[in-house]
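**Q** Pasting in a structure now, in structure tokens, and then I'll have a few things to ask.
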Amino acid sequence: MTSPVRALWGAPAASPAPPRRVWRDWALVGLLACLALFEASVRPEVPSRWLWAAVLAALAPTLLWRRTRPLTMLAIAFVVGTGVGLATGGEPQLYTTAYFLILLYAVFRWATGRAILLGGALVAAGVTLSFLTGDATLADTIGGIAVAVATGAVALATRARARTRARELDGVRMRERAELARDLHDTVAHHVSAIAIQAQAGTAVASTDPDAAARVLRDIEREASRTLHEMRSIVGLLRGTDAADLAPTPGLAELRDLARPDVGGPEVAVEIAGAADAVPPAIAAAVFRLAREAVSNARQHARNATRIDLRVTIDDAGVRLDVHDDGAAAASALPGHGLAGMRERAALLGGTCSAGPAPGGGWDVIATLPRRGWAA
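This is how it looks when you write it as structure tokens:
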């Protein structure tokens with residue numbers, strides 16, 4: 001076999017899989033049988049019309065398995081039809097026999113490559129036999145071949161379009177999963193990290209400063225409540241409810257909340273320069289999540305850090321986020337899901353995000369979101 005034929009021979013069945021049988025399939029079978037009997041009653045000039053009507057009515061149930069067993073159903077219809085034609089000495093002249101094209105379409109639409117080649121060969125053999133043994137003219141034969149080829153081409157085009165559509169949907173699902181992973185890390189993981197840090201601080205001061213330990217417990221309760229709220233919002237979004245839509249989207253104003261002091265943790269200084277109101281909500285939410293992840297990483301990984309400086313600059317070029325901690329340079333955060341998610345979030349808006357040791361010591365996180373990406 002040539003390469004194209006060999007490639008088609010090994011091609012799998014159509015993807016996605018064919019739909020299940022529905023009530024319309026049964027209705028189509030009943031309609032076909034009724035049309036065959038009706039046509040036989042109104043066309044007395046057709047030879048052996050009642051025999052052909054009975055044959056077509058008997059073959060109509062092949063439509064029920066045309067998606068799951070397309071080649072078998074086509075073979076049954078063509079073998080029976082060809083046999084009756086040879087026995088009667090003429091071709092079927094009822095218009096209802098055009099239903100064979102539905103079976104041919106099903107082979108090219110749903111079957112494997114091997115079945116497509118065998119089905120095409122079966123149809124070609126049937127047309128050739130009809131031309132040699134019947135009274136069909138060359139023009140009729142060419143016309144029949146053209147109709148069969150057009151039917152197969154339409155089926156293959158529909159098949160390719162469905163496969164492309166399925167791949168596009170798979171890509172959308174992968175992007176949604178990546179977005180969900182970023183949101184989970186940026187929200188839930190942030191609060192859980194804060195709870196862990198607060199618990200460690202509370203353990204350290206519990207024996208010497210009960211009041212500080214009580215404040216830590218209140219902070220842990222607040223973080224746990226916010227974690228539960230955001231988890232419910234994410235679940236609501238996945239379930240398609242309106243709960244997530246009602247939750248306020250964090251923005252630049254919420255950056256001040258990151259300056260909340262932690263017992264035993266570094267001080268956080270927040271500065272916003274520029275027209276914050278000019279930043280679109282989607283960009284503001286992205287900046288907030290980037291800043292929160294950077295601050296959370298600094299609190300968790302920056303050893304001996306006493307201060308975290310967070311600055312947001314808004315100008316004609318866009319938004320720039322700078323997060324710097326004064327922790328030991330050796331305490332640089334290892335690459336992980338957080339940094340990868342930050343880079344992906346910035347890239348989706350046409351920006352960049354980088355993290356690394358600061359020249360004068362400590363750790364820097366720098367993210368830029370250009371104004372050209374604000375329409376995203």
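Position 54 of the sequence shown, counting from 1, maps to 54 under UniProt numbering, and the rest follow consecutively.
A virtual CB, placed ideally from N, CA and C, is assigned to each residue, including glycine.
Just so you know, these numbers come straight off a predicted model, no measurement behind them.
(1) Three or more beta-carbon pairs under 8 Å between the region 281 to 298 and the region 349 to 367, yes or no?
(2) Which term fits D170, buried or exposed, when burial requires 16 or more other beta carbons within 10 angstroms of its beta carbon?
(3) As an exercise, report each continuous alpha helix (DSSP H) stretch of at least 4 residues that is fully enclosed by the UniProt domain "Histidine kinase/HSP90-like ATPase" (286 to 371), in chain order.
(4) Identify every residue that forms a DSSP beta bridge with residue 410.
(5) Does the region 60 to 73 come close enough to the region 91 to 104 to have 3 or more Cβ pairs within less than 8 Å?
(6) In terms of DSSP beta bridges, what is E267 paired with?
(7) Under 8 Å, with one C-beta from each stretch per pair, do the region 117 to 129 and the region 18 to 28 reach the 3-pair mark?
(8) With DSSP collapsed to three states, give me the class of D211.
(9) What do you get for T368, buried or exposed, if any count of 16 or more other CB atoms within 10 angstroms of its CB means buried?
(10) Whole angstroms are fine: how far does the CA of T112 sit from the CA of M174?
(11) Compare the C-alpha of A155 against each of V107, V29, L28 and D309 and name the closest.
(12) Sort R66, V84, W26 and P92 by Cα distance to E45 and report the nearest one.
(13) Here's the rule I'm using: 16 or more other beta-carbon atoms within 10 Å means buried, otherwise exposed. How should V216 be labelled?
(14) Among residues of its own chain, excluding the 5 on either side of V29, which ones have a beta-carbon nearer than 8 Å to its beta-carbon?
(15) As an exercise, report each continuous alpha helix (DSSP H) stretch of at least 4 residues that is fully enclosed by the region 83 to 132, in chain order.
(16) In this structure, does DSSP put R260 in helix, strand or coil?
(17) Spatial neighbours of P16 within its chain, please: CB distance less than 6 Å, with the 5 preceding and 5 following residues excluded, ordered by chain position.
(18) Rounded to the nearest angstrom, how far is the Cβ of V365 from that of V319, given a contact under 8 Å?
(19) Measure how close the beta-carbons of V84 and V55 come, nearest whole angstrom, since I'm counting them as under 8 Å.
(20) Check whether the Cβ of R69 lies closer than 8 Å to any Cβ atom in chain C.
(21) So L310 and A285 are supposed to be a Cβ contact under 8 Å. How far apart are they, rounded?
(22) Within this structure, are the beta carbons of M342 and E293 separated by less than 8 Å?
(23) Suppose you measure from the CA of G120 to the CA of V287; what does that come to, to the nearest Å?
(24) Taking Cβ positions, are A276 and V268 nearer each other than 8 Å?
(25) With H, G and I counted as helix, E and B as strand and the rest as coil, what does DSSP make of V46?
(26) I'd like to check one pair, A53 with A77: are the Cβ atoms closer than 8 Å?
(27) Under three-state DSSP, which class holds A11?
(28) My assumption, with CB atoms under 8 Å, is that I197 sits in contact with G265. Please give the rounded CB distance.
(29) Determine the DSSP secondary structure at G202, reduced to helix, strand or coil.
(30) Would a C-beta distance cut-off of 8 Å place A14 and R109 closer than the cut-off?
(31) Which one of A11, D211 and A146 has the shortest CA to CA distance from R159?
(32) If you reduce the DSSP assignment to three classes, tell me which class G251 lands in.
(33) Relative to the C-alpha of G251, which candidate in V312, S225 and D209 has its C-alpha closest?
(34) To the nearest angstrom, how far is the alpha carbon of A213 from that of E254?
**A** This is what the structure holds:
(1) Yes, the region 281 to 298 touches the region 349 to 367.
(2) Burial call: exposed.
(3) Listed in chain order, they are 337 to 348.
(4) As displayed, the chain neither begins before 1 nor continues past 376, which places residue 410 out of reach and without an answer.
(5) The region 60 to 73 is in contact with the region 91 to 104.
(6) Under DSSP, E267 forms a beta bridge with R307.
(7) Because the criterion of three Cβ pairs below 8 Å is not met, the region 117 to 129 and the region 18 to 28 do not touch.
(8) In the structure shown, the three-state DSSP call for D211 is helix.
(9) By the neighbour-count rule (16 or more Cβ atoms within 10 Å), T368 is buried.
(10) Separation of M174 and T112 (C-alpha to C-alpha, rounded to the nearest whole angstrom) is 28 Å.
(11) Minimum Cα distance to A155 is reached at V107.
(12) Per the Cα distances, P92.
(13) Burial call: buried.
(14) Taken in chain order, the residues that qualify are A60, P61, L63 and L64.
(15) As summarised for the region 83 to 132, the continuous alpha helix (DSSP H) elements at least 4 residues long and confined to that stretch are 100 to 110, given in chain order.
(16) Shown here, R260 sits in coil according to DSSP, grouped into three states, outside any helix or strand.
(17) Listed in chain order, the non-local C-beta contacts of P16 below 6 Å within the same chain comprise A166, local neighbours out to five positions each way being set aside.
(18) The Cβ separation is near 14 Å, so there is no contact.
(19) The distance from the Cβ of V84 to that of V55 is about 5 Å, consistent with a contact at the 8 Å cut-off.
(20) In the structure shown, chain C cannot be found, because there is only a single protein chain.
(21) The C-beta separation of L310 from A285 comes to about 16 Å, leaving the pair out of contact by the 8 Å criterion.
(22) Against a cut-off of 8 Å, the Cβ pair of E293 and M342 comes out as a contact.
(23) Distance between the alpha carbons of G120 and V287 is about 59 Å.
(24) No, Cβ-Cβ distance for A276 and V268 is not below 8 Å.
(25) V46: coil per DSSP, three-state reduction.
(26) A distance of 8 Å or more separates the beta carbons of A77 and A53.
(27) If DSSP states are grouped into helix, strand and coil, A11 belongs with coil.
(28) That pair is a contact at about 6 Å.
(29) Helix at G202.
(30) Their beta carbons are under 8 Å apart, which means A14 touches R109 by this criterion.
(31) When each option's Cα is compared against that of R159, the closest is A11.
(32) Here G251 carries a coil assignment [DSSP, helix/strand/coil].
(33) Ranked by Cα distance from G251, the options V312, S225 and D209 are led by V312.
(34) So the two alpha carbons sit approximately 26 Å from each other.
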